[in-house]
Structures are given as C-alpha cells and as structure tokens.
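Novice: Please find one structure pasted underneath; my questions will follow.
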Amino acid sequence: MNRKFIVGILALLAFFFVIQMRMPRHYVWKPTFAHSDEQPFGCQLLDSVMAASMPGGYTVSRLTLLQLKRDSLFMASPHALVVLTEEGLSEADVRLAIQLAEQGHVLLLTSELSGLLADTLHVYPRYKNYFNPYFLTHNALRYDTLCWVEPLSDGSPRADSLRLPIVDEMLGGTIEPQKEACYVPLLQRCEAATGETAYEVVTDSSTFVYSGGYYAMAFPMGKGEIIMMTAPLLFTNYGILHESSETIIRRLMNRLGQMPVVRTEAYVRSTAQTEQSPFYVFLQRPPLRWALYLAMLTVLLFMLFTARRRQRVIPVVRPPRNGNLEFVEHVGTLFFQQGDHRGLVERKLSYTAEEVRRLTGIDILEDRLPPDRWALLARLTGLTADEVRLRISNAREATTGRRVVLPEEMKVHIDNLNEIVEKIEE
C-alpha cells in the first residue's frame, strides 16, 4: 500500500511537470540585455552567436569601466568593449570611456546619449518616445528604413548604400553632428524625396535621399574610437533573428576588427524571469526562490516518510532479569554436592580480596602486608588487627589443600569473610 502511494505521488508530479513544459511560453517584452535571459530582449542567443563568430574572442563580464581600467590583463592590449543599456552613462563613466578610447580601445556604446558625451563628441541628440511593446505583439508593426552609409576604405562615399527596413519601435533617438565634429557616418535614416519618413517597407522602385539624423556614428579618439549606437534593442535575441538588424549588428561588430571583445553587463537592469510558472514572484528574488525550493523539498520528504509510517502497538519492554544470583547459587550448589568445600572457600576468599581491593586499595592476599595496612583494615571493620589477620590467614590455610575442610569449618570461614566485607561497606 505504501509503495503504491509513493508511486502514485511520483507519477502525479511527473504528469504536472510534463504539462508545465508543454504549456506555451509567455514572452516578457522587457529589455534586460542579460546574458542568461532567453526572452526576446535578452542576449543569450546574441552572445552565443558572437562567441562563435568573433575572430578575437568574445566574453561577457560584470565589471564596470573603472574596474576594467584597473584590470592589468584588460589594459595590456587593445580590446573592444561593448556596453548595452537603455540608460545613459554617468559623467564618471563617460570620462572613463574617453580615456579608454584614447589609450587604443574601441568602445561600442549602445545607449541614450548623455549630455557630457554629446558635448565631447560635438553632436546633438534627438530623443524618441519610450519603447512600446504593443506594436510588436499586436501585429501593428511600423517600419523605418535605414541606410548603411559607411564610406569605402578609401574614404569615398558609397554610390548605392544598403537600405534596411527596421521596426520603428526597435529604434531609439537620433544624433546629428555639429560642424566641428570629427566622425565617420555609419547608419542613417532614409527619407523619401518628399521629405516624409518612410514608415512602411520600401520597395526597390522608391527614390531615397540621405537626410535626417544618424543612428550609428564612429568618433576617432586618440589611438582608438567610440562607436555610438542609439538603438540598443537591435543587440538582443529578437534583433539577431531579424535579417535587417542582423546585418547592422554584423557590420558594427566588423568594425571591431581582430581585437578581443568584452561585453559588460554592469550597466543593464536585472535579468527578466520567464513568466511561465505560477511561482514567478518567488523566483524573482533569491531568498524567496530558495525558500520555495526548501518548502517543496520538505513537503516531498514529509510525504515519503509519512507513507512509510505504520501504526503499531508498542510492546511493553521488560527490563532484563539479573541472573547473577541464580548463577552463584547454581555454582555453589555444584561445589557443595561434589563435597569440594575447599574450592568454595577459595572462591569466597578470591571474591573477598577483590572487594576489599576495590573498597580500600589493600590486597589482603599479599604475603607480607605492612602493619599499617592491617591497622587500617581494623579501623574499617571495627575488629582488632590480629583478628582480621587471623581470619584471612585461616581462610588462606584452608585453601592450600593440606587437610580436609569440613562443612562446618567452611561455613565459619565464609561467615568471617562476609563480615569483613559488610563492615567495610558500612
């Protein structure tokens, strides 16, 4: 019965596990840029693709710009640093980014353009409305057409730039350079000849001119450069699966060359949890998550041990009977029936000597016992020293076997030895 109960519980748990795994996934349209996030706006797929395709290597780190600047291994050779975040960098981080670029590193910053960075790069930021996932989840996609306008290797402009339709909600604000800005244009919004922005997918027959702001620009700085990208949502799992945004990612990463690439997660928000489980709230916080795990383990152990319990009548356990007295009586009866009176006196003397040794530390069987020991025994027994010595000497003489010990003599020796032990115990 208990075995059937355990098997039934395990089968039920397996059934619920299979049902849970077969339920449709609930996507969380929350940008996190986290390495372990499988949701559309996480970076698990992006990081795996980059790790397999970047020739100089690709790693994900949690170190900030300051920590990387203090890392001797990172500073030993030029690296490419990728920072993905929806929020702008602080003034301290902007200064560190400029210092790293001047020392030969290449930084790909995909975030909002902070005031200090805009002033340093001599550009004007134009901000856009906040991301709205409604247009991604309700089949109401609006497209904006971007053009890859990076100059050729000789510096000449491209004759026919690549046009890429991108979902408008995936794009951030644009940046416009000032006259004194030193930059390399990379990605620009394409507008129709009438000047209206093309929000629909543009056909090959449409006529385009280059105008409007940029979404990606490269700024040479010292020995390195800063690549500014204002559409961080393209660098996600959702973006890497889209043909147009995948092309943009590939071309931007190609500018990093053969350098080892490090993507830092120090400036991203907390990782989004997949809302597939009814315990979603508990799984968001490590303490609550471990409390849930321990509670489930406790319930499982309770069910297993409860199934093994059986209600039994507890028998009355009687204390073991002391059979020493019966054994002594039995052995004494055997000696007495065989007429071995000497043997009985010998065993009684040995027992008495052991008891006296235990109680007083005096060995009465010693051949030459000092007088002070006899005096101590006399004080403990209330007898005279000569009387104690005489009783023990007579008992020892009876055990030598030189003469026959009669039953009456045996009783006298045993009674005398018993009296010595009893008086010492008193």
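259 is the number that this note's numbering gives to position 269 of the sequence shown; each next residue is one higher, with no gaps. Just so it is clear, CB atoms sit at the ideal spot from N, CA and C, and this is done for glycine as well.
Under the DSSP definition of a beta bridge, which residues are partnered with W138?
Specialist: L152, L177.
Novice: Helix, strand or coil for S80? Go by DSSP, reduced to three states.
Specialist: S80: coil per DSSP, three-state reduction.
Novice: Measuring alpha carbon to alpha carbon, tell me which residue in E399, L131, I404, A171 is nearest A343.
Specialist: Checking every option, the nearest Cα to that of A343 belongs to I404.
Novice: Going by DSSP in three states, T374 sits in which element: helix, strand or coil?
Specialist: In this structure, T374 counts as coil in the three-state DSSP scheme.
Novice: Measure the alpha-carbon distance for G78 versus L71 and round it to whole angstroms.
Specialist: One C-alpha to the other measures close to 16 Å.
Novice: How long is the line joining the alpha carbons of I239 and L231, rounded to whole angstroms?
Specialist: Rounded to the nearest angstrom, the two C-alpha atoms are 11 Å apart.
Novice: Assign G214 to one of three DSSP states: helix, strand, or coil.
Specialist: If DSSP states are grouped into helix, strand and coil, G214 belongs with the strands.
Novice: Is the distance from the Cβ of G47 to the Cβ of P250 below 8 Å?
Specialist: Cβ distance < 8 Å, so G47 and P250 count as in contact.
Novice: Could you compute how far the alpha carbon of Q168 sits from the alpha carbon of G212?
Specialist: For Q168 and G212, the distance between alpha carbons rounds to 20 Å.
Novice: Ignore the nearest five residues each way along the sequence and tell me which others in D83's own chain have a CB closer than 7 Å to its CB.
Specialist: Excluding positions up to five away in sequence, the list reads L55.
Novice: Leaving out five residues before and five after F23 in sequence, what residues of the same chain have Cβ atoms less than 6 Å from its Cβ?
Specialist: Once the five neighbours on either side are set aside, the close Cβ partners of F23 are C33, L74, V258.
Novice: What are the start and end residues of the alpha helix (DSSP H) that includes A108?
Specialist: Looking at the DSSP string, the run of the alpha helix (DSSP H) that includes A108 is 105 to 111.
Novice: Could you spell out where the beta strand (DSSP E) holding P167 opens and where it closes?
Specialist: Its beta strand (DSSP E) spans residues 164 to 167.
Novice: Taking DSSP as the reference, what is the three-state secondary structure of A285?
Specialist: Looking at A285 - three-state DSSP - the assignment turns out to be helix.
Novice: Which one of G(-2), A208, I(-1) has the shortest CA to CA distance from L99?
Specialist: Of the listed residues, the one whose Cα sits closest to L99 is A208.
Novice: In angstroms with no decimal places, state the Cα-to-Cα distance between I414 and R369.
Specialist: Distance between the alpha carbons of I414 and R369: 9 Å.
Novice: May I ask which residues mark the beginning and end of the alpha helix (DSSP H) holding Y228?
Specialist: That run of the alpha helix (DSSP H) goes 227 to 230.
Novice: Inspect the beta-carbon positions of T389 and R347 and report whether they are closer than 8 Å.
Specialist: No, the Cβ-Cβ distance between T389 and R347 is not below 8 Å.
Novice: In the DSSP output, which residue or residues are listed as bridge partners for R116?
Specialist: Its beta-bridge partners are T164.
Novice: List the whole-angstrom C-beta distance separating I216 from L97, where the pair is believed to meet the contact cut-off of C-beta under 8 Å.
Specialist: Yes, I216 and L97 are in contact; Cβ-Cβ is about 5 Å, under 8 Å.
Novice: Measure the C-alpha to C-alpha separation of Y133 and A171 and round it to an integer number of angstroms.
Specialist: Cα to Cα, Y133 sits roughly 30 Å from A171.
Novice: In whole angstroms, give me the CA-to-CA distance for T62 and F295.
Specialist: In the sequence as displayed, the identity of residue 62 is Ser instead of Thr. Taking the straight line from one Cα to the other gives about 56 Å.
Novice: Following the continuous alpha helix (DSSP H) through S235, name the residue where it begins and the one where it ends.
Specialist: 233 to 244 is the span of the alpha helix (DSSP H), which, as asked, contains S235.
Novice: Can you check which of these residues, P30, G94, Q89, R253, is closest to M40 by C-alpha distance?
Specialist: Looking at the Cα atoms, R253 is the closest of the given residues.
Novice: Would you check if the distance between the CB atom of N406 and the CB atom of R381 is smaller than 8 Å?
Specialist: Result yes, Cβ atoms of N406 and R381 sit closer than 8 Å.
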